[in-house]
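*Asks:*
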Amino acid sequence: NAGVTQTPKFRILKIGQSMTLQCTQDMNHNYMYWYRQDPGMGLKLIYYSVGAGITDKGEVPNGYNVSRSTTEDFPLRLELAAPSQTSVYFCASSQTSRAGEQFFGPGTRLTVL
Amino acid sequence: EDQVTQSPEALRLQEGESSSLNCSYTVSGLRGLFWYRQDPGKGPEFLFTLYSAGEEKEKERLKATLTKKESFLHITAPKPEDSATYLCAVQEGGAGNNRKLIWGLGTSLAVNP
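If you read the protein sequences in the order shown, they are chains A and B. Numbers given in the working numbering equal positions in the first sequence, counted from 1, plus 800. Numbers given in the working numbering equal positions in the second sequence, counted from 1, plus 1171.
(1) Taking Cβ positions only, does G1214 of chain B come closer than 8 Å to chain A?
(2) Taking the alpha-carbon of V1175 of chain B as reference, which of B:V1282, B:S1199, B:S1189 and B:G1187 has the nearest alpha-carbon?
(3) State yes or no: is the beta carbon of W1206 of chain B nearer than 8 Å to at least one beta carbon in chain A?
(4) Answer yes or no: does any C-beta atom of chain B fall closer than 8 Å to that of G900 of chain A?
(5) Report the residues of the region 1215–1231 of chain B with a CB closer than 8 Å to any CB of chain A, ordered along the chain.
(6) So, at 8 Å on beta carbons, what are the nonlocal neighbours of F903 of chain A in its own chain, with the 5 sequence-adjacent residues on each side left out?
(7) In angstroms with no decimal places, state the Cα-to-Cα distance between I812 of chain A and L910 of chain A.
(8) On a Cα-Cα basis, can you pick out the residue from A:T820, A:N862, A:D838 and A:L821 that is closest to L1276 of chain B?
(9) How would you list, in chain order, the residues of chain B whose beta-carbon sits under 8 Å from the beta-carbon of G907 of chain A?
(10) Apart from the five residues on each side of it in sequence, which residues of its chain come closer than 8 Å, Cβ to Cβ, to G1182 of chain B?
(11) Under a Cβ-count criterion, where at least 16 other Cβ atoms within 10 Å of its own Cβ denotes burial, should G1187 of chain B be classed as buried or exposed?
(12) Under 8 Å, Cβ to Cβ, is there at least one residue of chain B near G851 of chain A?
(13) Measure from the alpha carbon of L876 of chain A to the alpha carbon of each residue in A:G816, A:I815 and A:R836, then state which is nearest.
(14) Do the CB positions of F890 of chain A and G1214 of chain B come within less than 8 Å of each other?
(15) Using the beta-carbon of each residue, which ones in chain A are nearer than 7 Å to Q1174 of chain B?
(16) How about S893 of chain A: is its Cβ closer than 7 Å to a heavy atom in the ligand ZN?
(17) So Y1222 of chain B is in the beta strand (DSSP E); what residue range does that whole segment cover?
(18) What are the boundary residues of the beta strand (DSSP E) that includes G842 of chain A?
(19) If we define contact as Cβ-Cβ less than 8 Å, is G1203 of chain B a contact residue for chain A?
(20) Starting from the beta carbon of G1275 of chain B, find every residue of chain A whose beta carbon is closer than 8 Å, and list them in chain order.
(21) Look up E859 of chain A in the DSSP assignment and say whether it is helix, strand or coil.
(22) Against chain A, with Cβ distances strictly below 8 Å, would A1181 of chain B count as a contact?
(23) What residue range does the beta strand (DSSP E) around D838 of chain A cover?
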């Protein structure tokens, strides 16, 4: 049982490039989340999903897109990367009935130069 | 505005020196309050859920308590391995918000041997 896995661990992008952050969970959780964490700013919700085919915006969705074609996978797409997207990105999942008890992945550290 | 405020921002203790971390919140209705631990370079790890005033949860040297306005995380006789950032999050009541958490900025705890 690997829990929540994220790839890559680190990535450097140039301004204007695009990339996809991968997230997979093997706990059969319906709910999945993408957060970004910046120093002094705390965790900010980017997008979340309550099940395959259903996604919704969080607090800071601009510049990002998501899809959820399976229960296990929840990729985050960055289009036209900007320096403001330099951050640590965490994917998380939870059971439907325990949305506050989230299991987090190890994170992806992204730098946009 | 709904808020979660944690204090102190940073705390340095000697091994065995007990103390408490505070999480105060202002939400229109509380569905749940959650404590997480985050080690450097890793994703947050769920510790406790508290649902109603007066509730207490314990795990090893940690004890979480809840009142109508705040929660405390008491650390008894801490060890160096308790060093981490402790995050508090609140889930608002109401059908529209029941999947999202409001996160505090965390308390960075260092326990010296």
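From the three backbone atoms N, C-alpha and C, an ideal C-beta is built for every residue, glycine too.
*Replies:* With the given structure in hand:
(1) yes
(2) B:S1199
(3) no
(4) yes
(5) P1215, E1216, F1217 and T1220
(6) Excluding residues within five positions, the ones whose Cβ falls inside 8 Å are G803, V804, Q825, M827, H829, A892, S893 and S894.
(7) 6 Å
(8) Checked all of A:T820, A:N862, A:D838 and A:L821; the closest Cα to L1276 of chain B is A:D838.
(9) G1212, K1213 and G1214
(10) One point to set straight first is that residue 1182 of chain B is Leu, not Gly, in the sequence displayed. Hits under 8 Å: S1190, L1192, T1278, S1279, L1280 and A1281.
(11) exposed
(12) Judged by the 8 Å Cβ criterion, G851 of chain A is not in contact with chain B.
(13) A:R836
(14) yes
(15) Result: empty, since nearest Cβ-Cβ is about 11 Å, beyond 7 Å.
(16) Questions concerning the ligand ZN fall outside what the structure shown contains, since it holds no ligand whatsoever.
(17) Counting along the chain, Y1222 of chain B falls outside any beta strand (DSSP E), and DSSP gives it neither H nor E.
(18) G842 to G851
(19) yes
(20) G842
(21) It is coil, neither helix nor strand.
(22) Taking Cβ atoms only, chain A never reaches closer than 8 Å to A1181 of chain B, which makes this a no.
(23) Y831 to D838
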